[in-house]
Amino acid sequence: MENVIENFFGCYLLYNINIKYKGKVYIGFTNDPNKRIIQHNKGIDFGGAKKTNNKGPWEMVLIVFGFPNKISALKFEWAWQNPLNSRALKVLNLVKNKREKLYDYNIRVFGHMLNQPPWKRLPLNVCWLKENYKVEFDSNSAPPLHIPIIQGPVISNKQNFKDSLNISSHSDLVLCFLCKQKISSDNKVECIIPDCDCVNHLTCLSTYFLKNNEIEIIPIEGSCPSCKTSMLWGDLIRFKFGYLRNINFDIDGPLIK
């Protein structure tokens, strides 16, 4: 099943299957993975990258998405490309082992990145686009529990997201459960439990989730102020932007604690 994603900002890993360059990898950013892999394989004249030009065919095997904006995704891309120079990763000293394949090394770095601030608190999604390239993360670099690992093709639904930003109208206004103030459709977050009608401002619910934590800014989990169901902050954000409505997840499964 295809995973249709709105508001898509992703970083991906390419694997080269050309016998001359087989084993080479490339890390990049995109807001349209299906268009991007075509550009890489067609060459630089069609929008591909200089480093991948005339070295295909390439396969896009892994992608992480759910970044709040383009800048955040580009920072992740640069750190993934330069783990020894990144301030966030320098402390880990992620040097490639002599016998380690380049592909395995990049997967290892990727796993460690998901466990480092600021990325470990973001509502990210890890997707294996090609099942035959999937490898298990080792115990030291497995993604945090709130970051789901899925597989299959993804589609960037940019038009729907843009439309959703313009749908807000006066008739959409409802009251925030926590502050009792009016809230418009583009600034609300809903409980993901189907039978719960709880709606809040993003900031109100974030503050509520962090009521016993004075250090962090972005919560990881909390309980709905109405139905008291414990859930992950990332799932609420995914639900808001349509991720849980389109990804082949079981909403009553492991996403809800």
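In this text, residue positions in the sequence shown follow the numbering used here: the first is 1355, and each later residue adds one. Positions of the beta carbon are idealized from the N, C-alpha and C atoms, including for glycine.
Per DSSP, reduced to three states, the secondary structure at Thr-1583 is coil, with no helix or strand assignment. Around the beta carbon of Asn-1370, 16 or more other beta carbons sit within 10 angstroms, so the residue counts as buried.
In this structure, DSSP gives Cys-1558 a helical state, which the three-state scheme calls helix. Here Asn-1460 carries a helix assignment [DSSP, helix/strand/coil]. The three-state reading of DSSP puts Tyr-1375 in coil, since its state is none of H, G, I, E or B. Taking the Cβ atoms as the reference, Pro-1498 lies roughly 11 Å from Phe-1491, outside the contact range of under 8 Å. If you draw a straight line from the Cα of Asn-1407 to the Cα of Gly-1506, it comes to about 26 Å.
Here Gly-1377 is exposed, its C-beta having fewer than 16 other C-beta atoms within 10 Å. A contact between stretches requires three or more CB pairs, one per stretch, nearer than 8 Å, and the stretch 1531-1543 meets this requirement with the stretch 1553-1561. A residue is called buried once 16 or more other Cβ atoms fall within 10 Å of its Cβ, and Phe-1464 is buried on that count.
For Leu-1499, there is no enclosing beta strand (DSSP E), as DSSP marks it with neither H nor E. Restricting attention to Leu-1443, Lys-1484 and Arg-1453, the CA atom closest to the CA of Leu-1468 is found in Leu-1443.
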